[in-house]
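The structure appears below as structure tokens.
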């Protein structure tokens, strides 16, 4: 059926367009018979979509893009993309793509943190940007919101543990990760991209850091007690699943 074919389209944009056509057709057919129940028709469609995706994972181990539970999307890495920066990298996992840039500064350029106690400074900073075009939207560019600040801090904490001490590497390090395309796990993509950019900049990090988002589907009703853990979730699995657990670390933990 067209509905199943639309759900299992591996391309995010094509899947959204195909599912939109199915929804429009459903609204047209049922709306003619129940013109005063439009909201209920859309709610019914959304519930059926969620149930189909979740049950197909639990019963058949098949995800919307055809992967099994443990398969990671195709990965590609490129470094030295920007010639005038100290370090740069593009990390791509599936349809999620991150551009990470490293800028090195003098010790006097550390970020000063003003608080109620004595002022502190931070020599490694990571900023995460999620522009509207990364999801195909034409919204105006605004300042960072809570999500961007939180994702930036999350990736910063993951990488801070491998940053060399001031005695080993006295420079101030600023990392900026721009999401060029998003289909899930962009924050963990920024961890991978920043690691590559740090190495491209010649920063002697103690170990490479990588990250991935894990998902969870739990059964309901007759499937109660069944569950499935998903590796490297994409957008639709994030939206319709029960968990978006971000894990980052080195080969040693």
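Residue numbers (the working numbering): 1 to 253. No residue lacks a Cβ here, since even glycine has one placed at the ideal position from N, Cα and C.
Beta-carbon contacts of residue i that lie in its chain and below 7 Å, excluding the five residues immediately before and after
i: residue 96; result: 181, 182, 183, 184, 185, 186, 189
i: residue 134; result: 179, 180, 181, 182
i: residue 58; result: 217, 219, 223, 226, 228
i: residue 78; result: 89, 90
i: residue 154; result: 187, 246
Beta-carbon contacts of residue i that lie in its chain and below 6 Å, excluding the five residues immediately before and after
i: residue 208; result: 195
i: residue 205; result: 162, 198
Unbroken beta strand (DSSP E) run spanning residue i, endpoints
i: residue 128; result: 124 to 129
i: residue 93; result: 87 to 93
i: residue 213; result: 210 to 218
i: residue 251; result: Here residue 251 belongs to no beta strand (DSSP E), and DSSP marks it neither H nor E.
i: residue 233; result: Looking at the DSSP string, residue 233 is not in any beta strand (DSSP E), and its letter there is neither H nor E.
i: residue 96; result: 96 to 105
i: residue 116; result: That residue, residue 116, is in no beta strand (DSSP E); it is neither H nor E in DSSP.
Residue environment, residue i, which counts as buried when at least 16 other CB atoms sit within 10 Å
i: residue 177; result: buried
i: residue 192; result: buried
i: residue 111; result: exposed
i: residue 198; result: buried
i: residue 233; result: buried
Of the listed residues the options, nearest to residue i (C-alpha basis)
i: residue 103; options: 113, 138, 228, 80; result: 80
i: residue 106; options: 170, 83, 165; result: 170
i: residue 76; options: 113, 175, 23, 92; result: 92
i: residue 131; options: 122, 125, 142; result: 142
i: residue 150; options: 167, 127, 168, 140; result: 127
i: residue 248; options: 167, 157, 164; result: 157
Delimiting residues of the alpha helix (DSSP H) encompassing residue i
i: residue 20; result: 12 to 33
i: residue 4; result: 2 to 7
Nonlocal neighbours in the same chain, by C-beta distance under 8 Å from residue i, ignoring five residues either side
i: residue 241; result: 54, 215, 216, 217, 230, 233
* To do: Please specify which runs of the alpha helix (DSSP H), each continuous and at least 4 residues long, are wholly inside the segment 177 to 203, giving them in chain order.
  => 186 to 200
* Can you give, in chain order, each stretch of the alpha helix (DSSP H) that sits fully within the segment 124 to 177 and has at least 4 residues? -> 146 to 160
* At which residue ranges does the segment 39 to 83 contain complete beta strand (DSSP E) runs of 3 or more residues, listed in the order of the chain? -> 75 to 79
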